[in-house]
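Quick note: the sequence shown uses this note's numbering, first residue 13, plus one each step. Every residue, glycine too, gets a C-beta built ideally from N, C-alpha and C. Being a predicted model, the structure only gives us computed values, none of them experimental.
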Amino acid sequence: MKLAVRNAQGKQLRQITVDDAVFGITPNIGVLHQAFVAQRANQRRGTASTKSRGEVQGSTRKLRNQKYTGRARQGSAGSPVRVGGGVAFGPRPRSYRQALPKKMRRLAIRSALSGKLADGQLHVIDKLGFSRPRTKDVLNALRNAGIERSALIVTGDPDRSVLISARNLPKTKVLPAPYLNVVDLLTYRDLLFTEDAVRRVEGLWGSAKAEPAVTAEEARPRRRRAAAVEPAEAIVVEEAPKAPRRRATPAEKPAAVAEAVIEEAPKPRRGRAAAVKPAEATVVEAAPKAPRRRAAPAEKPAAEAEAVIEEAPKPRRGRAAAVKPAEATVVEAAPKAPRRRAAPAEKPAAEAEAVIEEAPKPRRGRATPAEKPAAEAEAVIEEAPKPARRAARPRAAAKKTTDESPAEKPKPARRPRARKDEA
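Right under this line is the structure:
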């Protein structure tokens with residue numbers, strides 16, 4: 013898109029090409045409205061405050077009785093209905109700030125600029141250079157550009173002479189390009205841009221990023237520090253990197269130490285790296301130690317073998333199965349029979365007579381007559397059974413003799429009843 017550039021007298025000098033991403037997009041009305049409302053809301057200080065009926069000064073006494081006066085009901089003098097009372101639902105200090113995403117702010121400014129250019133309200137002037145501040149010069153430049161109503165003058169950098177010259181003009185405002193905002197773009201009808209301001213706007217809100225202005229101090233050449241001169245022999249003579257420390261392999265050790273290594277297996281390293289095997293491990297390797305086991309009966313002498321036959325081996329405490337001896341299949345100890353009381357037939361004659369003479373002790377429970385011996389059965393027949401506890405006593409024993417009983421009291425003589433005939 014191309015724009016015409018004019019001078020202060022209104023004569024067209026040339027045309028410049030501008031970025032379509034800034035001046036040629038379709039305006040987004042919704043984003044424009046949201047950005048406008050958010051900016052105006054953020055300008056509010058939010059310090060307005062009022063007093064409620066409980067905060068106003070005055071007595072809280074009831075003005076008159078509730079009833080029997082013929083007038084309206086009245087409470088305290090601080091009621092919002094009365095003059096000098098509190099304010100109902102009045103403003104309180106609060107924040108009116110509204111957050112707006114950065115992309116929406118940028119889109120709103122591009123939409124405003126594109127809308128002004130589409131309506132023919134954007135004008136470009138080559139420069140606004142004045143020898144001294146003068147309001148008449150700014151007014152002539154605005155009229156020559158065809159601006160008759162409110163105007164917003166945009167410069168590339170802050171210019172004090174232009175600011176002082178235009179501050180007495182009504183409905184006219186001067187802004188640097190970095191300070192453009194949606195409210196000012198929509199408030200003023202016409203825009204007057206300098207050529208430098210157009211390029212600054214393209215750098216800030218266009219597709220290309222804005223290049224920061226270079227200050228005088230940054231423009232000065234900086235002294236560079238001299239590079240450290242490397243020594244001449246540094247390239248020729250270099251220290252070899254130290255090899256990582258490792259344990260010496262058996263091949264590097266002398267013969268005497270090698271024999272000790274063969275007898276003793278190498279210990280594994282603590283780290284994750286695999287243990288380095290010795291060079292002669294394939295030729296001479298220490299035999300792995302066999303697990304400890306009890307000596308088999310075949311390894312023991314003849315005297316001990318007989319003892320093993322007489323005494324059965326004790327089982328291990330752990331879950332592992334007991335290792336059977338080598339000759340267990342040939343010579344095995346007879347399993348012990350379960351313990352039982354010897355039968356009368358197995359006992360000798362002397363013991364059998366003692367059993368007959370001595371009766372077995374009865375069990376703790378009630379013994380049946382069949383289990384009792386003959387001697388005890390006779391004792392049971394001779395001994396009379398004891399009477400039950402709840403048995404009734406004989407009446408003869410219950411009665412007492414007249415001697416033992418106390419003297420009975422004489423009963424009073426019954427008075428004969430009178431008959432009806434005798435009456």
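>> So the candidates are Leu125, Gly82, Glu214, Gly58; which of them puts its Cα closest to the Cα of Pro103?
In response: Gly58
> Mapping DSSP to helix, strand and coil, what is Pro149?
Replying inline: Correcting the residue identity first, residue 149 is Asp in this sequence and not Pro. Correct three-state label for Asp149: helix.
> CB Glu67 to CB Gly36, shorter than 8 Å?
Replying inline: no
>> Quick check on the DSSP output: the alpha helix (DSSP H) that includes Ile37 runs from which residue to which?
In response: Here Ile37 belongs to no alpha helix (DSSP H), and DSSP marks it neither H nor E.
> Measuring CA to CA, which of Ser91, Ala84, Phe48 is closest to Ala124?
Replying inline: Measuring C-alpha to C-alpha distances from Ala124 to each of Ser91, Ala84, Phe48 identifies Phe48 as the nearest.
> Buried or exposed: where does Val136 fall if 16 or more other Cβ atoms within 10 Å of its Cβ makes it buried?
Replying inline: buried
> Just reading off the beta strand (DSSP E) that Phe205 is part of, what are its end residues?
Replying inline: 202-206
> Quick one: any contact between the region 202-218 and the region 149-169, if contact means 3 or more CB pairs under 8 Å?
Replying inline: yes
>> Need the endpoints of the alpha helix (DSSP H) that Ile176 sits in, please.
In response: 172-178
>> Quick check on DSSP: helix, strand or coil for Val43?
In response: helix
>> Need the endpoints of the alpha helix (DSSP H) that Ala441 sits in, please.
In response: The displayed coordinates of the chain run from 13 to 435. Any statement about residue 441 would go beyond what the structure contains.
> What residue does the beta strand (DSSP E) around Leu134 start on, and which one ends it?
Replying inline: 134-137
>> Taking 8 Å as the cut-off, does the region 127-142 touch the region 83-96 (at least 3 CB pairs, one atom from each stretch)?
In response: No, because fewer than three Cβ pairs between the region 83-96 and the region 127-142 fall closer than 8 Å, the two stretches do not touch.
> How would you label Thr25, buried or exposed, when you count the other beta carbons within 10 angstroms and need 16 or more for buried?
Replying inline: In the sequence as displayed, the identity of residue 25 is Leu instead of Thr. It is exposed - the Cβ of Leu25 has fewer than 16 other Cβ atoms within 10 Å.
> How would you label Asp202, buried or exposed, when you count the other beta carbons within 10 angstroms and need 16 or more for buried?
Replying inline: buried
> If we count the other Cβ atoms within 10 Å of its Cβ and call it buried at 16 or more, is Ser177 buried or exposed?
Replying inline: So Ser177 counts as buried.
>> At the level of alpha carbons, what is the spacing between Asn193 and Thr38?
In response: 18 Å
>> What does the alpha-carbon distance come out to for the pair Ile121 and Lys14?
In response: 19 Å
> Cα-Cα, which of Ser64, Arg109, Tyr191 is closest to Gln437?
Replying inline: An answer regarding residue 437 cannot be provided, because it is not within the stretch 13 to 435 covered by the chain.
>> Just to confirm before moving on: does the CB-CB distance between Leu151 and Gln46 stay below 8 Å?
In response: no
> Of the choices Ala33, Val34, Ala16, Thr62, whose alpha-carbon is the least far from that of Gln27?
Replying inline: Ala16
> When the Cα atoms are used, what is the spatial distance from Ala244 to Lys254?
Replying inline: Interpretation of Ala244 is limited by its pLDDT of 45, a score under 50 that renders its predicted location unreliable; no figure is taken from the coordinates.
> Can you tell which of Asp149, Asn156, Val34, Thr62 has the C-alpha that lies nearest to the C-alpha of Ala100?
Replying inline: Thr62
> If you drop the 5 nearest sequence neighbours on each side, which residues of the same chain put their C-beta closer than 6 Å to that of Ile159?
Replying inline: Asp202
> Would Ala60 be called buried (16 or more neighbouring beta carbons within 10 Å of its own) or exposed?
Replying inline: exposed
>> Buried or exposed for Ser126, going by 16 or more other Cβ atoms inside 10 Å?
In response: buried
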